[in-house]
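Visitor: Structure below; questions to follow.
2 protein chains.
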Amino acid sequence: MIILKIGGSILTNKDSTESEVDYASLKRIASEIKDALDESDKELIIVHGAGSFGHPPAKKYKIGEVFAEEEFPQKRIGFCEVQNAVKKLNMLICESFIDEGLPVIAIPASSFMTATNKRITEGNLDYFKKYLNKGFIPVVYGDVVLDTQLEICVISGDQIIQYLAVNLNADKVILGTDVDGVYNKNPKTHDDAIFFDRFSSLKDLDTLEGTTNVDVTGGMVGKIKELLYLADLGIESKIINAEIENNIFKALNDEEVKGTVISRGN
Amino acid sequence: MIILKIGGSILTNKDSTESEVDYASLKRIASEIKDALDESDKELIIVHGAGSFGHPPAKKYKIGEVFAEEEFPQKRIGFCEVQNAVKKLNMLICESFIDEGLPVIAIPASSFMTATNKRITEGNLDYFKKYLNKGFIPVVYGDVVLDTQLEICVISGDQIIQYLAVNLNADKVILGTDVDGVYNKNPKTHDDAIFFDRFSSLKDLDTLEGTTNVDVTGGMVGKIKELLYLADLGIESKIINAEIENNIFKALNDEEVKGTVISRGN
């Protein structure tokens with residue numbers, strides 16, 4: 291089974307103050323996935339980020355930070371706003387994917403996952419198995435969930451990948467981002483950025499300035515931490531550039547694509 | 291705990307070929323619920339129908355009918371289309387409700403319920419309890435679910451009410467519809483329609499022409515069957531007209547409202 295993450299930065303315009311979907315990217319990616327599945331049958335789960343839909347309300351209400359009891363009603367409304375905003379993004383993504391013939395079925399984290407101190411500690415995956423078993427493509431995304439310590443928190447698509455990959459024993463994890471993989475510095479602002487084609491420890495890097503956007507869920511460093519944990523369990527993942535045409539198609543079909551492999555091996 | 295159903299016919303224009311939300315109704319109903327909760331704290335679950343969003347794709351793909359194995363890929367896409375359409379309606383409803391200050395949190399049936407021959411046979415309600423416990427208002431709606439006999443089916447908001455009321459031991463069930471309650475004939479087309487203020491058996495009626503709209507999930511007769519089953523278990527319900535201003539507010543606050551009580555008692 292393959293888990294494909296599509297970054298919020300590919301699907302939305304994170305810099306925009308309005309929540310905007312990038313329909314051209316969405317349609318291209320949907321058609322690459324469809325072509326890859328037509329080539330050969332694959333079990334697939336899609337995870338997407340919250341992008342410009344989820345981050346603004348999550349920041350506004352400081353979801354995930356400790357708060358005083360009397361602030362709870364306000365935090366609770368914030369939680370609902372975030373849930374609804376990411377649901378809207380998911381609905382728009384699913385609409386495009388269904389139009390391309392992909393049988394995508396959403397399973398929101400907020401309806402079955404619980405965290406403890408911002409880490410997923412509960413989440414029954416039976417419905418993922420049921421839908422996969424019938425040839426559906428389950429879709430899950432960065433969302434708000436109840437937290438046994440903090441009452442509420444945000445969980446990133448990256449943390450969800452890790453949870454799914456471990457508990458469903460994924461064969462392959464692909465992360466489509468807006469960069470070619472992991473650099474020691476931001477390649478968009480530094481010409482001397484060094485590219486890593488394989489990555490096995492956070493210590494490999496002097497500086498991880500990493501991502502091109504500010505990301506409440508931790509950006510590239512957060513991503514790599516999740517993936518190193520997976521690597522420890524023997525599940526290899528690869529970060530690729532989903533903005534380059536056919537990269538997702540190739541990665542799904544085991545063809546060579548530039549990217550950073552995260553593994554603990556050699 | 292109160293379960294409030296808001297019929298799809300109140301929230302959308304079922305007769306329209308386009309999926310249209312009735313924003314004026316939505317805003318008014320949201321504000322009546324908010325006022326009722328401000329009056330006194332209540333545990334509340336909201337169930338809404340699929341209205342003009344869910345019914346057209348469900349009919350188009352004949353979801354719930356027996357089909358040949360080779361038709362499954364087509365049915366599967368239909369299933370996804372329905373899920374996404376009702377998710378869109380839910381998102382628009384939640385948006386209006388959150389704007390009024392209601393902490394609504396969606397828990398879609400498709401992500402945790404399974405049916406057998408169109409009846410819900412599985413659905414862990416732990417997340418309803420968790421959210422209620424934190425003062426949220428869980429929202430669930432007519433949706434598609436996997437079916438152990440038919441592969442896939444549609445479950446109505448009315449069936450969901452019944453399942454929730456039984457398994458969460460609801461104190462009160464209120465159904466907001468577009469009529470005053472149960473008549474022996476359609477009151478919008480028959481001047482001699484007789485109104486029932488209490489209803490305890492399907493045999494009470496000679497003819498149940500009932501609803502004003504064609505409804506794939508069974509209309510008023512289907513509704514009453516679900517509610518009579520509840521009545522057998524000692525849970526009384528009341529069908530009221532949600533189009534009349536303040537009816538929902540009054541019903542939530544135990545004030546007198548015209549309507550049909552469904553119970554097995556006297």
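Residue numbers (this note's numbering), protein chains in the order written: chain U, 291 to 556; chain B, 291 to 556. Built from N, CA and C at the ideal position, the CB exists for glycine as well.
Using the Cα positions of Leu382 of chain B and Val444 of chain U, report the straight-line distance between them to the nearest angstrom.
Guide: Taking the straight line joining both Cα atoms gives about 22 Å.
Visitor: List the residues of chain U that Ala541 of chain B touches, going by C-beta distances under 9 Å, in chain order.
Guide: In chain order: nothing, as chain U lies at least about 24 Å away.
Visitor: For Gly297 of chain B, name the three-state secondary structure that DSSP assigns.
Guide: Reduced to three states, the DSSP call for Gly297 of chain B is coil.
Visitor: For Val394 of chain B and chain U, any beta-carbon pair shorter than 8 Å?
Guide: Closer than 8 Å to some Cβ of chain U, the Cβ of Val394 of chain B qualifies, so yes.
Visitor: From Lys419 of chain U to Asn407 of chain B, what does the alpha carbon distance come to, in whole angstroms?
Guide: Cα-Cα distance, rounded: 21 Å.
Visitor: Considering Leu454 of chain B, what are the terminal residues of the alpha helix (DSSP H) in which it resides?
Guide: Gly447 to Leu458 is the span of the alpha helix (DSSP H), which, as asked, contains Leu454 of chain B.
Visitor: Which value, in whole angstroms, describes the spacing of the CA atoms of Ile451 of chain U and Ser553 of chain U?
Guide: Cα to Cα, the separation comes out at about 15 Å.
Visitor: Within 10 angstroms of its Cβ, does Gly549 of chain U collect 16 or more other Cβ (buried), or is it exposed?
Guide: So Gly549 of chain U counts as buried.
Visitor: Quick one: list the residues of chain U neighbouring Asn407 of chain B, beta-carbon separation under 9 Å, in chain order.
Guide: Residues of chain U passing the Cβ test: none, with the nearest at roughly 17 Å.
Visitor: By how many angstroms is the C-alpha of Ser330 of chain B removed from the C-alpha of Asp312 of chain B?
Guide: When rounded, the distance between both Cα atoms is 28 Å.
Visitor: Measuring CA to CA, which of B:Ile427, B:Gly354 and B:Arg488 is closest to Arg409 of chain B?
Guide: For Arg409 of chain B, the nearest C-alpha among the options comes from B:Gly354.
Visitor: Run through DSSP, which three-state label would Gly354 of chain B get?
Guide: Correct three-state label for Gly354 of chain B: coil.
Visitor: Mapping the DSSP letters down to three states, classify Ala405 of chain B as helix, strand or coil.
Guide: Here Ala405 of chain B sits in strand by DSSP.
Visitor: So Lys295 of chain U packs on Gly447 of chain U, CB below 8 Å; how close in whole Å?
Guide: Correct: roughly 6 Å between the Cβ atoms.
Visitor: Return helix, strand or coil for Lys324 of chain B, following the three-state DSSP convention.
Guide: Reduced to three states, the DSSP call for Lys324 of chain B is helix.
Visitor: Answer with yes or no whether the minimum CB distance from Leu436 of chain U to chain B is below 8 Å.
Guide: For Leu436 of chain U, the answer is yes, since a Cβ of chain B falls inside 8 Å of its Cβ.
Visitor: Mind checking the segment 364-388 of chain U against chain B and listing, in chain order, the residues whose C-beta falls within less than 8 Å of any C-beta there?
Guide: So the list reads Arg366, Ile367, Phe369, Cys370, Glu371, Gln373, Asn374, Lys377, Lys378, Asn380, Met381, Cys384, Glu385 and Ile388, given in the order they occur along the chain.
Visitor: Might you give, ordered along the chain, the residues of its own chain that have their beta carbon closer than 6 Å to the beta carbon of Glu333 of chain U, omitting 5 neighbours on each side?
Guide: Closer than 6 Å at Cβ, skipping near neighbours: Met291 and Leu422.
Visitor: Any beta carbon of chain U sitting closer than 8 Å to that of Glu329 of chain B?
Guide: For Glu329 of chain B, the answer is no, since every Cβ of chain U falls outside 8 Å of its Cβ.
Visitor: Tell me which residues share the same chain as Ser390 of chain U and place their Cβ nearer than 8 Å to its Cβ, disregarding the 5 neighbours each side in the sequence.
Guide: It should be pointed out that residue 390 of chain U corresponds to Glu in this sequence rather than to Ser. Excluding sequence neighbours, Glu390 of chain U sits near Lys317, Ala320, Ser321, Ile323 and Lys324.
Visitor: Specify the secondary structure class of Lys548 of chain B as computed by DSSP and reduced to three states.
Guide: Reduced to three states, the DSSP call for Lys548 of chain B is coil.
Visitor: State the Cα-Cα distance for the pair Ala405 of chain B and Val376 of chain B, rounded to the nearest angstrom.
Guide: Taking the straight line from one Cα to the other gives about 18 Å.
Visitor: I need the DSSP call for Phe486 of chain U, collapsed to helix, strand or coil.
Guide: Looking at Phe486 of chain U - three-state DSSP - the assignment turns out to be strand.
Visitor: Count the other CB atoms within 10 Å of the CB of Ser309 of chain U; is the residue buried (16 or more) or exposed (fewer)?
Guide: Buried: at least 16 other Cβ atoms inside 10 Å.
Visitor: Could you tell me whether any Cβ in chain U is nearer than 8 Å to the Cβ of Ser400 of chain B?
Guide: It does; some Cβ of chain U falls within 8 Å.
Visitor: Using a Cβ distance threshold of 8 Å, determine whether the segment 342-354 of chain U contacts the segment 363-374 of chain U, with at least three qualifying pairs required.
Guide: Yes, since at least three Cβ pairs between the segment 342-354 of chain U and the segment 363-374 of chain U fall closer than 8 Å, the two stretches touch.
Visitor: At the 8 Å Cβ level, is Ile353 of chain B part of the contact set with chain U, yes or no?
Guide: Not closer than 8 Å to any Cβ of chain U, the Cβ of Ile353 of chain B fails to qualify, so no.
Visitor: Give every residue of the same chain whose Cβ lies closer than 7 Å to the Cβ of Val472 of chain U, excluding the five residues on either side of it in the sequence, and list them in chain order.
Guide: Cβ within range, chain order: Phe486, Phe489, Met510, Ile514, Ile529 and Thr550.
Visitor: Please identify the residue among U:Pro477, U:Asn303, U:Ile464 and U:Asn543 whose C-alpha is closest to the C-alpha of Gly344 of chain U.
Guide: Measuring from the Cα of Gly344 of chain U, the nearest candidate turns out to be U:Asn303.
Visitor: Would you list the residues sitting across from Cys443 of chain U in a DSSP beta bridge?
Guide: In DSSP, Cys443 of chain U forms a bridge with U:Val435.
Visitor: For a cutoff of 8 Å on Cβ pairs, would you count Tyr417 of chain B as touching chain U?
Guide: Yes - at least one Cβ of chain U is within 8 Å of the one on Tyr417 of chain B.
Visitor: Note down, in chain order, every chain U residue with its Cβ under 8 Å from the Cβ of Glu441 of chain B.
Guide: Simply Lys424.
Visitor: Just checking my contact of Val429 of chain B with Cys384 of chain B at CB under 8 Å: how many whole Å lie between their CB atoms?
Guide: Right, their Cβ atoms sit about 6 Å apart.
Visitor: Along chain U, in chain order, which residues have C-beta atoms closer than 7 Å to that of Gly391 of chain B?
Guide: Here the neighbours are Ile367.
Visitor: Is the CB of Lys350 of chain U under 8 Å away from at least one CB in chain B?
Guide: Closer than 8 Å: no.
Visitor: Residues of chain U with CB closer than 9 Å to the CB of Ile397 of chain B, please, in chain order.
Guide: Result: Pro398, Ser400, Ser401 and Phe402.
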